[in-house]
Structure formats: structure tokens, C-alpha cells
Amino acid sequence: MKLFKIRGGVHPDDRKQLAAGQAIESLPMPALLHIPLQQHIGAPASPAVRRGQRVAKGDLLAQGQGVISAPVHAPTSGRIMGVGSYPAHHASGLSVPTITLQPDGEDRWADHIQGVEDPFALEPEEVAARVAKAGVVGMGGATFPAAVKLNLRKRYRIHTLVINGAECEPYLTCDDRLMRERADSVIDGIRIMAHALGVERIIVAIENNKPEAQAAMAVAAADDSRIRIARLPTRYPMGSEKHLVQTLTGRETPARGLTADIGVVVHNPATAFAVHEALRFGYPLVSRVVTVTGGAIAQPRNLRVLLGTKVQDLLDHCGGFRVDPERLISGGPMMGQPLPSTRVPMVKGSNGVLALTVEETNEREPMPCIRCGSCVQACPCGLVPLEMAAHTRVGDLEGAVGLGLMDCISCGSCAYACPGHIPLVQFFNYAKGEMAARGRAKQKQAETKRLAEQRTARMEAIKQAKREAMAKRKREMAAKKKAEAEKKAAAEAQGGQEGQTDRPVRSASETEA
Amino acid sequence: MSIETPAAKAGPFAHEPVSIPRTMGLVMLALLPATLFGIVQFGWPALYLFVATILAAILAEAASLRVAGKPVRPYLMDGSAILTGWLLAMTLPPWAPWWIGAVGSLLAIVVAKQVFGGIGQNLFNPAMVARVALLITFPLEMTSFTVPTPLFSAHAPGLLESLAITFGVQGFDAFSGATVLGHVRTELGQGHALSAILPEVFGSVSGAVGTVAGSMGETSALLLLGGGIFLIYKRIISWHIPVTMMGTIAVLATVMHLVDPEHYTGPYYHLVSGATLLGAFFIATDLVTSPVTRLGQIIFAAGCGLLVYVIRTWAGYPEGVAFAVLLMNACTPLIDHYVKPRVYGRDRRGQPIEYADDAEVQS
Chain A
1 MKLFKIRGGV
11 HPDDRKQLAA
21 GQAIESLPMP
31 ALLHIPLQQH
41 IGAPASPAVR
51 RGQRVAKGDL
61 LAQGQGVISA
71 PVHAPTSGRI
81 MGVGSYPAHH
91 ASGLSVPTIT
101 LQPDGEDRWA
111 DHIQGVEDPF
121 ALEPEEVAAR
131 VAKAGVVGMG
141 GATFPAAVKL
151 NLRKRYRIHT
161 LVINGAECEP
171 YLTCDDRLMR
181 ERADSVIDGI
191 RIMAHALGVE
201 RIIVAIENNK
211 PEAQAAMAVA
221 AADDSRIRIA
231 RLPTRYPMGS
241 EKHLVQTLTG
251 RETPARGLTA
261 DIGVVVHNPA
271 TAFAVHEALR
281 FGYPLVSRVV
291 TVTGGAIAQP
301 RNLRVLLGTK
311 VQDLLDHCGG
321 FRVDPERLIS
331 GGPMMGQPLP
341 STRVPMVKGS
351 NGVLALTVEE
361 TNEREPMPCI
371 RCGSCVQACP
381 CGLVPLEMAA
391 HTRVGDLEGA
401 VGLGLMDCIS
411 CGSCAYACPG
421 HIPLVQFFNY
431 AKGEMAARGR
441 AKQKQAETKR
451 LAEQRTARME
461 AIKQAKREAM
471 AKRKREMAAK
481 KKAEAEKKAA
491 AEAQGGQEGQ
501 TDRPVRSASE
511 TEA
Chain B
1 MSIETPAAKA
11 GPFAHEPVSI
21 PRTMGLVMLA
31 LLPATLFGIV
41 QFGWPALYLF
51 VATILAAILA
61 EAASLRVAGK
71 PVRPYLMDGS
81 AILTGWLLAM
91 TLPPWAPWWI
101 GAVGSLLAIV
111 VAKQVFGGIG
121 QNLFNPAMVA
131 RVALLITFPL
141 EMTSFTVPTP
151 LFSAHAPGLL
161 ESLAITFGVQ
171 GFDAFSGATV
181 LGHVRTELGQ
191 GHALSAILPE
201 VFGSVSGAVG
211 TVAGSMGETS
221 ALLLLGGGIF
231 LIYKRIISWH
241 IPVTMMGTIA
251 VLATVMHLVD
261 PEHYTGPYYH
271 LVSGATLLGA
281 FFIATDLVTS
291 PVTRLGQIIF
301 AAGCGLLVYV
311 IRTWAGYPEG
321 VAFAVLLMNA
331 CTPLIDHYVK
341 PRVYGRDRRG
351 QPIEYADDAE
361 VQS
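Have a look at this one:
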């Protein structure tokens, strides 16, 4: 099919050969699982189990809260050891609400787990509801609840489903292996999603460095004339949702908008596989394929791991480290996050564990910018990173925003290409975080001001009421006194009328003065 | 086993095998053939001047870094000072006394670069600032060119004799000749026609190969072209600046030549003479002082080309590359301010794109 050009991008050494040849294997049952309650974008799930309770595989552990959220299920059968907190799968290493499960080794599915005979007979809403119930989220790393995206047709005119099999991050091969080995299941999931979205056009986009996956998916999709395979040139960040859609349709997603604005919904092959499992067998999302690779890993592998498995268990199964790693990363090397420790659990969005050597990271002391423009040529968003960084550096964050900071997708192409090794993404992440904090502070300030003003008004009203009440009492007292005085006067001066007429006239003249 | 990774840092955790020393090193590599040719052609004095200029640049850089309280080693090792000295030496008359090179390097490094804040901060190309300052301050030394006297040829000065030329007090008076541009300029000024002037000083082969009088590293158009193509191939520079600059000069020369062939030389003459190629591939493309966007670079280079032609043809100097580049350097911040790429998802005015039709996809 015809492809369109996107701007910028870089060609990193993809290093996929390290793990691409390794078939997906299941990791042996770990001794303990630590399942965080928030493994998705949106509100955290709220626990639905107690300490000591026995659960079967697929039982609900925590219920999704609100519109954008996702439930969490038991990855295997066993006993709940605790509902507490545990270090997160996040660079901060902060502790987050987590359920600890001790597997009983039986790996027994719950009795209520049941698939659907014919998913295509279901109403689209019913498909989305089942996907939501299975806790499926975007498995390319963004972890946006998949069902919310399947319901987009209510608000947008969706005409195309794009399956993002670009896997443009170097090293990662989990989607590649899944498409090679489970092509039929992935295609089935894709067709179910297309049914839920009500679209007639499906594009499966795969980069040219995965010819086996392209071939396998083409064979599996041969029966369905709606599905087309797009063979993408190998370039980072081809898998950026908006740039992928531009490559396929020639259209840019409007700034601050969604791809749905131009009628396209993008899902990941692993998400399609999870949808297939959820609809056909009723399996909730309790495991995923993870690539464990990098120059420092003894035996790079693609593993199917239960959610909540510690990173250390994966490393042990891959023979540990060959050499001491310089960096331990979750995700790909371009947009991945450093892992704070190997104790942290695997979550729905973790697609890779990389242990990189010094040679691979090629980190150097930053030098001053020589204005070479490499970052400008590399930026897929048409920004001028060197100027944004210069403004951020001196604290002029508004200036950076004016140059398009909020249009930056943090893909890292600029920093990758910079001969001065300037940590550009670090600058931009700082600026974005700081601007968000300022926005919150501003909002808080406005809210505080509003509340303070309301309070002042309230107090004023109370005072006013008090004053009025006082005045009223005074008037009443005065009237009472007057009445008494009159009564008295009337009693005193029986027959003397002049004094009475005299008084009102005097008070009137006082008012005039 | 459990490792604790170093402090959290944003990605990417992979990096293209590039660095500033590599960039500078490749530019020097590209300059090497033309430099060697210059040294062979103009003999030992050229080599002495070349070495003196670069040494002065290194010393000036080290001293400036010291004074500024910056770490000397990493900045000296980035190669930028050596490259500045190198480029300056390329533009000097090959038999100029050593102090021309030394003063030039001081001007380039201290005044044009470090005073602005060091690498990456200078507004003007340091080598060109130095060249122009020298030309205005020492017009005699800067316009005393020598005819080629290749190393080991009959008339070539020996090692010691050369020392006297470069480091002596008297300077030299033998072998002096004018550059092609200078000669043609003078003759035209005396009312001679080009058909009478050109044949004796300008041959299409000697012009391209560079066996003519001229600055140390500017004469060999072919070797400079080769070096420039190497830099484009290595993605250190892009084609935009050199092609636009040479294209502008060629178009202007062609038009004027067609209008009056007796007074205006043709495009080939302009391209191979003087500093056109060195300027187009190595001077105007200076990363620090040229615009960062492709369109900006095209505007910048067109301005350079236009000014070079205007200065050569109608202004007071026979050669104008240095002036042209400096004038356009001054415009670089302005160009970078107004010429920016279009942001993804936005129109040219920065508003989010709106599609008129109902989101129909082309296929």
C-alpha cells in the first residue's frame, strides 16, 4: 500500500537480533507475586479481596474505579498475603498500593471463567464491556484502558483500525514474537476489535526489520479482505501513534487532538491478543510477553510472565548478568524508564527489561550546544529542540512553551542525535513537569482565592445581618421607649396637647439639616 | 542479586556514535587534501605559517579557558580551536610572516569566540573575523601573494631559507604575484576587456587544480570539492548551504556574463577562483554561525552567494567571501527567529490543523 513520508526521525542500531530468535517461553511460577492496583492510566483500582483469602486464577483482585480505569485479576491461584504497599515499577521507586499473592502452584482457573461462542454475534457495546471487565489496557506501554478506545465510535466517526506492530524501539521483540507465533490469535483479536469499532478498514503496520512477522500476519489475515498489511520503513519513531497514522493516511492528527479526530483508532498487537483471550476464553489480562535483553544479559529471551512477577525472577531465568549493566531499563532504550531496583514487579505495560552495557548506552559528559541542527533535523514534530532547551536552561519555561514544548512527544530522537550529548529530553521532561506543577499551583491559588473571597462575603453577610439585627433591635427599643414616653407623657399631661405636636416638627427639621 | 541503578535520568539510553570531537575531526580530515596540496605547492613557509597559526590558536584557547575558569582539557580536546586556526591558515597568503597567523588566531579565539562565551556562543565565524581584521589592519602582508613554488622545485626556498621568510623580520620580496581575482580586478579597472586579460592568467585546468597564486588552502578547487562531498556523505554538513551559495554565484555570474561578456566573467571563473569553494563547503557551513533549519540555511547561503558576487564585481575588494559570510552571520539569529519548521499537527500560524472534509482517508 502507499505510504506517506513523515518528518525527522533517527535510525538507531535496532539490536533486535539479540532476542528475535528466541521463541516465547513461560517463566516458571514465581514464589510471590506483587500486583499493583494501578497498572493503567486513570484511577487506581480498589481492592476487592482481604488478607488470607484464597483466590483462583482470574478472580477479581481489585475493581476499576470510574470511567477511565481497569480492574486487576489474580494472575494465578493462591492465597492473598497482604493488601499493602510495595515499590512501584517506576523510576521513582516509591511504594504504591499492591496486593501480594502467594501462588499455590496449581494455577487453577476460576470456575466462572467462560468464553463467548461467537464474539461477532455480540453487540459492540457488549464486546467493549467484556474487554473492560478483563482489565485489558494498551500493552505497547501507554496502558490506556482498551475498552475506552473501543467505545470511541460513539463520539467520533471512526473508519479505520490500525494495528501498531511497528515496534520501532530498538531491542524489543515481544510484539514481533507474538505476531510470528500467535498470528491467528492476534488476527482474531483484531477482527473482534474491528467489530466493536464498526470499522471496515484494518491496517496492520509492521516495520521491515520483522519480515517473519509480516509474512505470518499476512498468511493469517489472508481470509479477511478488510485487513491489509503495511510494510513500514525501519525508522524511529515510526511507532509513535500519530506518526504511524500519518505514514498510513498522509494526515496529521491535529495538535492536542486524538487520532480519532481523523477517524483512526490505533491498538497494539499484544492488546489484540489480550482481546482475543478475553472474548474467546474469558481470560482476564493476567500475563504478558516481555523481552529481556541487552548486552549485559547472559541469555536474552522473550518470556510470558505473570503480572506481579519480580524483575529479578526474569533476570534469574535469563542467566543473570554477563557483565555489570550500566543501566537497567524498563521498556525500550529510547523512551524506557530506568528501573530503581530489581525487586519491582512486572505490570501490564512493561514490554521489556533491558540491561545495557557502557558501550550500548554511550553516555558522555554533555558539551555546549554547537547549533549543528541535528536535533532540528531529527525532531519528528517539527520543533527546534536546541532553542527549547536554551529557554528551559535559563528558567524561561513560558518561552519554551511558546516554542512548542507541549507538542513534544518525548521520543528522544533529538537527544539521540546530539553530538554534544546534551540531555534534551531531561530538559523537556523537567519543563513539562514544572509547567504542570505551576498549572496545579495556579489552579489551587485561584481556588483558594475563590474560597477566601466566598468566606469574606459570607462573613460580611453575617456581620451585615448582625448589624441589621442590632439596628432593628435599637429601633424597636427606641420605638418601645418612645411608646412608653408617650404613654408617660400622655399620663402626665392630661389636657396639655401642645408638647405632643411640637416634637415631630422638630425632628423633621433635624433630618433636613 | 539486586542492583541499584544510578540516579534517575530521562532517556534515551542509546546514542548515535557522534560527538563534537568527531565532527571537528572529520572536518579537518576533509580539509587535509587541500591543505597538503597548499603546503606542497607553496613550500616550507606555508607549513611554518600553518603550524604557527594552529599553535597560537591552541594557546589562545587554553589561556582563555583558564581565565574563564572552565575546564581546559575537555574543551581543548573538542578540536574546535585547532579547526579555527586551521581554517584561518587556509585563507592566509602562504608566505605571510608568522605573526600574521598568530595575531589572527588571537583575534579569532579571544575576540571572536571566547569573549562571546566560548564554543557554540559566537555570532560570527571566528576565522573570518580574524581574516577580515587582518586584511584591514595589515593590508600589505595580507595581499602579498606568491606564485607557486612547489617543494623541492628549482626555485623553492629550502628549510632554513623558509624559516627566514616566515620568522624573519624583513619578510620577502621575491616571487610575488597577484591572485587571479586581484589581477583581473586591477586590469578591468584600467579599462581592459576580459578577452585581453583572462587568457594570460586564467586557465580552466589550472583554476580547478589550483596551480595559481592564492591563499594557502584556497587554490585547489577540486580537492576542496572532494572534501566537501566527503562531509556531505558523512552527514556533517548538508548540501543546502554549499549548493545554494555556489548556485547563486553561478546564476548571477551567468546572467551578467550574458549581458556583457567583456566586463563580467563567467560562472566557472567565479566558482573555481578565490575562496568560493572553501567558503561554500567549510566556512559558510560553520555549524555555530549558520541557521539551524534547512530553509534558513538556503536563505543564508543565497545571501552569502549574492554578497560574494556583489563585492567581487562592484565593491572595493577583489574577494568578498569573508565579508559576505560575516554579514550573513549577523542575519543568522534573525533567520532562525522567523524561519522555523512547521510543528506537527499545526498549520504555519501555529493553530491546530482543521480538515474541511469529513476525515476521509486516502489510500
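Chains as they are written, first to last, in UniProt numbering: chain A, 1 to 513; chain B, 1 to 363.
Even glycine gets a Cβ: it sits at the ideal position worked out from N, Cα and C.
Only a predicted model underlies this, so the values are computations on that prediction, with no experimental measurement involved.
CB contact below 9 Å: residue i versus chain A
| i | result |
| --- | --- |
| B/His257 | no |
| B/Gly303 | no |
| B/Ala68 | no |
| B/Gln114 | no |
| B/Ser2 | In this prediction, B/Ser2 has a pLDDT of 38, which is less than 50 and means its spatial position is unreliable; nothing more can be read from the coordinates. |
| B/Thr5 | With a pLDDT of 41 at B/Thr5, under the threshold of 50, the modelled position of that residue is not reliable, and no figure is offered here. |
Cβ of residue i within 9 Å of any chain B Cβ
| i | result |
| --- | --- |
| A/Ser225 | no |
| A/Glu200 | no |
| A/Ala417 | yes |
| A/Met388 | no |
| residue 516 of chain A | Residue 516 of chain A lies beyond the range of chain A shown here (1 to 513); nothing can be said about it. |
| A/Glu313 | For the record, residue 313 of chain A in the displayed sequence is Asp; it is not Glu. Cβ-Cβ to chain B under 9 Å: no for A/Asp313. |
| A/Ile329 | yes |
| A/Gln337 | yes |
| A/Leu244 | no |
| A/Pro333 | yes |
Closest Cα partner of residue i within the set the options
| i | options | result |
| --- | --- | --- |
| A/Glu117 | A/Asp107, A/Ile192, A/Ala147 | A/Ile192 |
| A/Arg301 | A/Lys310, A/Ala121, A/Asp316, A/Ile229 | A/Asp316 |
| residue 364 of chain B | A/Glu212, A/Cys414, A/Glu492, A/Ala128 | Because residue 364 of chain B is not part of the residues shown, which for chain B are 1 to 363, the question remains open. |
| B/Trp44 | B/Ser19, B/Phe167, B/Arg73, B/Pro17 | B/Phe167 |
| A/Ser330 | A/Arg177, A/Thr259, A/Ala142, A/Ser374 | A/Ala142 |
| A/Arg182 | A/Ala270, A/Arg440, A/Arg256 | A/Ala270 |
| B/Tyr309 | B/Leu287, B/Ala280, B/Ser290 | B/Ala280 |
| B/Ser215 | B/Thr313, B/Gly25, B/Thr146, B/Glu200 | B/Thr146 |
| B/Thr312 | B/Pro199, B/Leu181, B/Leu32, B/Gly118 | The question names Thr, but residue 312 of chain B is Arg in the sequence shown. Taking only the C-alpha atoms, the option nearest B/Arg312 is B/Leu181. |
| A/Phe321 | A/Arg304, A/Lys310, A/Leu354, A/Asp104 | A/Leu354 |
| A/Gln377 | A/Gly9, A/Leu60, A/Leu3, A/Arg79 | A/Gly9 |
| B/Pro94 | B/Ala253, B/Ile54, B/Ala46, B/Val129 | B/Ala46 |
| A/Cys372 | B/Glu354, B/Ser238, B/Gly350 | B/Ser238 |
Cα-Cα separation between residue i and residue j, rounded to whole angstroms
| i | j | result |
| --- | --- | --- |
| B/Gln362 | A/Gly250 | Residue placement at B/Gln362 is poorly supported in this model, since its pLDDT is 43, which falls under 50; the coordinates still yield a value, given next. The straight-line gap from Cα to Cα measures roughly 7 Å. |
| B/Gln41 | B/Val27 | 22 Å |
| A/Ala194 | A/Leu161 | 7 Å |
| A/Arg201 | A/Ile187 | 14 Å |
| B/Gly79 | B/Val111 | 18 Å |
| A/Pro119 | A/Arg280 | 7 Å |
| B/Val292 | B/Met77 | 24 Å |
| B/Asn329 | B/Ile165 | 35 Å |
| A/Asn351 | A/Gly308 | 13 Å |
| A/Lys133 | A/Ala274 | 12 Å |
| A/Pro399 | B/Ala284 | Going by the sequence as given, residue 399 of chain A is Gly instead of Pro. About 29 Å. |
| A/Ser69 | A/Glu125 | 17 Å |
| A/Leu172 | B/Leu295 | 36 Å |
| A/Asp13 | B/Val18 | 13 Å |
| A/Tyr156 | A/Gly42 | 21 Å |
| B/Leu59 | B/Gly85 | 11 Å |
| A/Thr253 | A/Gln246 | 8 Å |
| A/Arg130 | A/Ala56 | 19 Å |
| B/Leu140 | B/Ala178 | 12 Å |
Q. Are there three or more Cβ pairs, one per stretch, closer than 8 Å when the segment 236 to 247 of chain B is compared with the segment 292 to 302 of chain B?
A. Yes: at least three Cβ pairs fall under 8 Å.
(Q) If the cut-off is 8 Å on Cβ atoms, which residues from the segment 359 to 378 of chain A count as contacting chain B, listed in chain order? (A) Per Cβ criterion, the list reads Glu360, Thr361, Asn362, Glu363, Arg364, Glu365, Met367, Pro368, Cys369, Ile370, Arg371, Cys372, Gly373, Ser374, Val376, Gln377.
Q | the segment 83 to 92 of chain A touching the segment 334 to 341 of chain A, judged by at least three CB pairs closer than 8 Å | A | With a cut-off of 8 Å, the segment 334 to 341 of chain A and the segment 83 to 92 of chain A count as touching, because enough Cβ pairs lie within range.
Q. With a cut-off of 8 Å, do at least 3 Cβ pairs link the segment 38 to 51 of chain A to the segment 236 to 252 of chain A?
A. A contact is defined here as three or more CB-CB pairs under 8 Å, and the segment 38 to 51 of chain A fails this definition with respect to the segment 236 to 252 of chain A.
Q: Could you name the residues of the segment 184 to 196 of chain B whose beta carbon sits closer than 7 Å to any beta carbon of chain A, in the order they occur along the chain?
A: For chain A, none of the residues of the segment 184 to 196 of chain B brings a beta carbon within less than 7 Å of one of its beta carbons.
Q: Give, in chain order, every residue of the segment 274 to 289 of chain B whose Cβ lies closer than 7 Å to some Cβ of chain A.
A: Listed by position, the residues of the segment 274 to 289 of chain B near chain A (Cβ gap below 7 Å) are Leu287, Val288.
Q) In the segment 68 to 86 of chain B, which residues sit with their C-beta less than 9 Å from some C-beta in chain A, listed in chain order? A) Only those residues of the segment 68 to 86 of chain B whose C-beta falls short of 9 Å from the nearest C-beta of chain A are listed: Pro74, Tyr75, Asp78, Ser80.
Q) Relative to chain A, which residues along the segment 331 to 353 of chain B have a C-beta separation below 7 Å, given in chain order? A) Here the close residues are Lys340, Pro341, Arg342, Val343, Tyr344, Gly345, Arg346, Pro352, Ile353.
Q) Just by C-beta distance, which residues in the segment 12 to 41 of chain A are closer than 9 Å to chain B? A) Those residues of the segment 12 to 41 of chain A that come within reach of chain B (Cβ to Cβ, closer than 9 Å) are Pro12, Asp13, Arg15.
Q) Does the segment 445 to 458 of chain A come within contact of the segment 402 to 417 of chain A, defined as at least 3 CB pairs closer than 8 Å? A) With the rule of 3 Cβ pairs closer than 8 Å, the segment 445 to 458 of chain A does not count as touching the segment 402 to 417 of chain A.
Q | Contact list for the segment 218 to 234 of chain B against chain A, Cβ threshold 7 Å | A | Within the segment 218 to 234 of chain B, no residue qualifies.
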